[in-house]
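*Asks:* Here the protein sequences line up with chains A and B, keeping their order.
Quick note: to get my numbering, add 6 to the position in the first sequence (first position is 1).
Under my numbering, the second sequence has 121 at position 136, and the numbering climbs by one with no breaks.
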Amino acid sequence: MGAALNSVFTVSDVRRLAKSVFSITFDAPELASRAEPGQFVHIKCGHSRPLRRPFGISDVCGGKLTVVFEVRGEGTKWLAASAPGRRVDINGPLGRGFSETNGNILVVGGGLGAAPLLFAARRARESGGVTAVLGFRGISNAVLTDKFESVCYGVFVTTEDGSSGLRGTVALPLEELLKTGKYSAVLSCGPRAMLKSVAELCERAGARCEAALEERMGCGVGACLVCVCKTKKNGVETMSRVCRDGPVFDAREVVW
Amino acid sequence: MSRDSHNIDMKVTFAGIEFKNPVVTASGTFGFGREYAEYFDLSELGGVCTKGLTLKARQGNPPPRIAETPMGMLNSVGLQNPGVDAFIKNELPFLKKYDTRVIANIAGETAEEYAEMAQKLSGAGVDIIEVNVSCPNVREGGMQFGVSARAVAGVTRAVKRRSGVPVMIKLSPNVTDIAEIARAAEGEGADAVSLINTLLGMRIDIKTRRPVLANNTGGLSGAAILPVALRMIWQARRAVKIPILGMGGVTSGDDAVEMLLAGASLIGVGTASFTHPGAAIDIRDGIAAYMRENGVAAVSDLTGGVEAY
Ligand SMILES: Cc1cc2nc3c(=O)[nH]c(=O)nc-3n(C[C@H](O)[C@H](O)[C@H](O)COP(=O)(O)OP(=O)(O)OC[C@H]3O[C@@H](n4cnc5c(N)ncnc54)[C@H](O)[C@@H]3O)c2cc1C
Ligand SMILES: Cc1cc2nc3c(=O)[nH]c(=O)nc-3n(C[C@H](O)[C@H](O)[C@H](O)COP(=O)(O)O)c2cc1C
Ligand code: FES
């Protein structure tokens, strides 16, 4: 893992993937060469917002770095309004990524949690095999499935309303896949409730599970202690920094 | 180097301690220096101020601990730290490797606790003790002390008795008369004061009708508080003779010059580092640029230089 750096990079491409979901790509060879799956970048979204916005790194390819994001508030709105050529201030890559990307990997994503898993899936593909379970609210929110299909052995899509793939949550295919006992690790990212249930299913099946968490951030580098989540190791509870000790944690260590 | 090629003098002698330049990091925004050391050489700073230390380790408040505000932010960290002994053993040796001053920020629940920590830390080799009587995010101690002149006097007296290094009292802006509190600290022998700590604030999520912070309230920092900080530093400057470490909303060299003119001798940079990891260095360079452009030979000549109406 290379050290982080703070610099200005040029937008090379912006695409709309769903109604309010965009992908943005930067010409950033220095970031791309250092990035590890599960790490994030901290982006300055305009002048009037003092805090940077954190986004998981979704793809890295030929000196370019991509993040996929949903428009939520002012910062993401500013980012979505970018055009190629815009100069954007980025700090990264930050945090601790997935440690298990070798072997037979199962990635489990909920909503835009799928984004950083794409980078992880590509990495896993280099040394072994990878299967994906992706859960969305409905077909109009289902993004990146084509990209996963080009990288994975199998892609199982679930939607809450049954408009695409299986109706229900990621728990359904996940339970079946875990029964095969052939995965060396499960990598997950998505809403906290989903991560918790994935962690429980993996625990029961005796599978190793890593979870990428989200928390509101200040510095993004580990200095201000605003982004904590409770973790437990050897019986000792700690307030760990999502930005530095995470965002990826061993799921057994998270106090859900 | 305090004199650069254009012969400007950035050195500041503060409470008898020499700082190579007037820029220090503000407590709680810079950890114990390790993280930002990946972005620049800490020896470039006048000094580093540590996260607030307590006698025993503290977990702090539950998350969310941060809310963005117009040109600022609220935090409710609640003094999460490993405790003073762990700091001395695991963190201080790292900071001592750099050619920069180390300011240890302490918070206690009683005057006695403050005094005990000051004794340990001054024995361990920190340069200055910053006594935080102004944390808005803890129930015991903290701001309870800082809003009463009598309590500030009591804590100052206790710490002065046991500290082997200069003692600086960090004042709360959540008071009606900052001059009275500053005088109380000076009266008991404080070597300096620092101000301002964060302003107590709140934000509410209108969808859930719940506070954004799990602690309900938090401390406001960042550019939004600069005018309040300037006003209070100016008032404190007129009330006491001891030097002032000014902070609150400084994001540029020009902001820092304003604060020096208001009466500060050193400048603390906090929230600005979240926006730009190299902010403290840019601010130092911004002060130097102002001095060159305006023919100011020594940065200490700026302190208190405002000509009030
Ligand atoms: C490690 C990490 C990785 C992330 N990866 C992605 C990603 O790949 N794609 C994506 O769409 N989103 C991702 N998010 C969430 C994303 O950071 C927020 O949606 C974004 O900050 C919202 O900014 P805004 O200005 O549009 O919203 P506003 O609501 O205006 O933001 C106000 C403040 O709250 C913070 N905030 C709001 N929502 C969140 C949130 N869910 N998590 C953290 N901070 C938040 C903002 O950063 C800002 O400081 C990630 C968050 C974290 C912590
Ligand atoms: C996240 C955060 C944590 C802080 N923790 C402390 C602390 O532990 N002790 C303290 O005296 N001040 C603490 N402060 C206050 C700062 O040191 C400083 O007084 C204040 O933020 C104003 O400066 P700024 O606007 O440049 O950030 C904290 C501020 C922030 C933003
Ligand atoms: S955001 Fe500052 S420690 Fe994580």
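Every residue, glycine too, gets a C-beta built ideally from N, C-alpha and C.
Note that the coordinates shown come from a computational prediction; the quantities given were computed from them, not determined experimentally.
Output needed in chain order: residues of the region 215 to 233 of chain A with a Cβ under 9 Å from some Cβ in chain B.
*Replies:* Listed by position along the chain: E221, R222, M223, G224, C225, G226, V227, G228, A229, C230, L231, V232 and C233.
*Asks:* Among B:G203, B:G290, B:F130 and B:A265, which residue has its Cα nearest to the Cα of B:M244?
*Replies:* B:G290
*Asks:* Beta-carbon within less than 8 Å of B:A109's beta-carbon, same chain only, minus the 5 sequence neighbours each way: which residues are those?
*Replies:* I73 and L77
*Asks:* What residues from chain B crowd round A:C235, counting only those whose CB sits closer than 9 Å?
*Replies:* P48
*Asks:* What does the Cβ neighbour count give for B:Y275, buried or exposed, with the cut at 16 atoms within 10 Å?
*Replies:* buried
*Asks:* Determine the DSSP secondary structure at A:E216, reduced to helix, strand or coil.
*Replies:* strand
*Asks:* Any beta carbon of chain B sitting closer than 7 Å to that of A:L57?
*Replies:* Any Cβ of chain B closer than 7 Å to the Cβ of A:L57 would place that residue at the interface, and such an atom is present.
*Asks:* Does any CB atom of chain B fall closer than 7 Å to the CB of A:R258?
*Replies:* By this cut-off, A:R258 is not an interface position.
*Asks:* Got a sec: which bits of the region 7 to 27 of chain A sit with their beta carbon under 9 Å from any beta carbon on chain B, in order along the chain?
*Replies:* Against chain B - using a Cβ distance shorter than 9 Å - the residues of the region 7 to 27 of chain A are A9, A10, L11 and N12.
*Asks:* Please confirm whether any heavy atom of ligand 2 lies closer than 6 Å to the CB of B:M217.
*Replies:* no
*Asks:* Could you tell me which uninterrupted beta strand (DSSP E) segments, each at least 3 residues in length, are contained entirely in the region 155 to 216 of chain A, listed from first to last along the chain?
*Replies:* Along the length of the region 155 to 216 of chain A, whole beta strand (DSSP E) runs at least 3 residues long occupy 160 to 165 and 191 to 195, reported in chain order.
*Asks:* Taking the straight line between their C-alpha atoms, what separation do you get for A:N108 and B:L38?
*Replies:* 42 Å
*Asks:* In whole angstroms, give me the CA-to-CA distance for A:L172 and A:T137.
*Replies:* 16 Å
*Asks:* For the structure I just gave you, are there three or more beta carbon pairs, one from the region 99 to 109 of chain B and one from the region 164 to 182 of chain B, closer than 8 Å?
*Replies:* The region 99 to 109 of chain B is not in contact with the region 164 to 182 of chain B.
*Asks:* Pairing CB atoms from the region 266 to 273 of chain B with CB atoms from the region 232 to 246 of chain B, are three or more of them under 8 Å?
*Replies:* Enough Cβ pairs lie closer than 8 Å, so yes.
*Asks:* Taking B:V8 as the reference, give the member of B:V87, B:L30 and B:I191 with the closest Cα.
*Replies:* B:L30
*Asks:* Per DSSP, what kind of secondary structure is A:N240 in: helix, strand or coil?
*Replies:* Reduced to three states, the DSSP call for A:N240 is coil.
*Asks:* Does the separation of the CB atoms of B:I51 and A:R78 fall below 7 Å?
*Replies:* Taking a C-beta distance under 7 Å as the contact criterion, B:I51 and A:R78 do not qualify as a contact pair.
*Asks:* Would you give the residue range spanned by the beta strand (DSSP E) that B:S206 belongs to?
*Replies:* T202 to S206
*Asks:* Report, in whole angstroms, the separation of the C-beta atoms of B:L205 and B:G13, which I expect to be a contact under 8 Å.
*Replies:* Not confirmed; about 14 Å, so no contact.
*Asks:* Determine the chain A residues that contact B:Y83 at a beta-carbon separation under 7 Å, and present them in chain order.
*Replies:* The contacting residues do not exist; B:Y83 stays about 16 Å from chain A at best.
*Asks:* Does the beta carbon of A:V232 fall short of 6 Å from some heavy atom of ligand 3?
*Replies:* yes
*Asks:* Along the region 199 to 210 of chain A, where does the CB come closer than 9 Å to a CB of chain B? Name the residues.
*Replies:* none
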